[in-house]
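Q: Questions regarding the structure given below will be posed in turn.
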Amino acid sequence: MAKLERTLSGDFHEIIRKIEKGILNGSVSASLEDSSDFCSETARCSVRVFERFSYSGGNRVSLNVTLFQDGNGPIKLSAITAGGSQATFFKINTLGEEAFLDKLREIL
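Our numbering numbers the first residue of the sequence shown as 118 and each following residue consecutively.
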């Protein structure tokens with residue numbers, strides 16, 4: 118598992134659209150598996166779950182992206198990958214997970 122956390126500024130909806138477009142256009146095998154959006158009077162939260170095939174690991178890797186903003190405050194991003202290991206009881210060869218996060222870093 119690999120994780121990226123950032124504090125962003127800008128338009129919340131534009132950032133999530135840019136992430137979706139960048140991830141989906143960044144890999145032939147990338148897909149948006151599901152999404153969820155919540156909002157209250159002052160806060161909003163968007164969750165996206167992507168998958169793609171990892172050629173280095175020979176398996177599918179998931180990327181979960183969460184954006185959160187309270188009022189007009191900074192936008193918090195948390196991105197976590199999973200599924201890149203080939204071992205049964207411990208993690209080895211997590212290159213696919215890191216590569217998926219690297220794509221998100223490029224987009225941001």
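Each residue gets a CB set at the ideal place from its N, CA and C atoms; glycine is no exception.
For residue 222, I'd like the list of residues in its chain whose CB is within less than 8 Å of its CB, leaving aside the five on either flank, ordered along the chain.
A: 121
Q: Of the residues 143, 178, 224 and 158, which one's Cα is nearest the Cα of residue 215?
A: For residue 215, the nearest C-alpha among the options comes from 178.
Q: Rounded to the nearest angstrom, what separates residue 224 and residue 132 at their Cα positions?
A: Cα-Cα distance, rounded: 9 Å.
Q: Who pairs with residue 138 in a beta bridge, going by DSSP?
A: Answer is none; residue 138 lacks a bridge partner.
Q: With which residues is residue 197 paired in a DSSP beta bridge?
A: 120 and 181
Q: Using the DSSP secondary-structure output, state which residues sit across from residue 164 in a beta bridge.
A: 153 and 183
Q: According to DSSP, residue 170 sits in a beta bridge with which residue or residues?
A: Paired residue(s): 177.
Q: If we call anything under 7 Å between Cβ atoms a contact, is residue 182 one with residue 199?
A: At a Cβ-Cβ threshold of 7 Å, residue 182 and residue 199 do not count as neighbours.
Q: Per DSSP, what kind of secondary structure is residue 221 in: helix, strand or coil?
A: Residue state for residue 221 is assigned as helix, using DSSP reduced to three classes.
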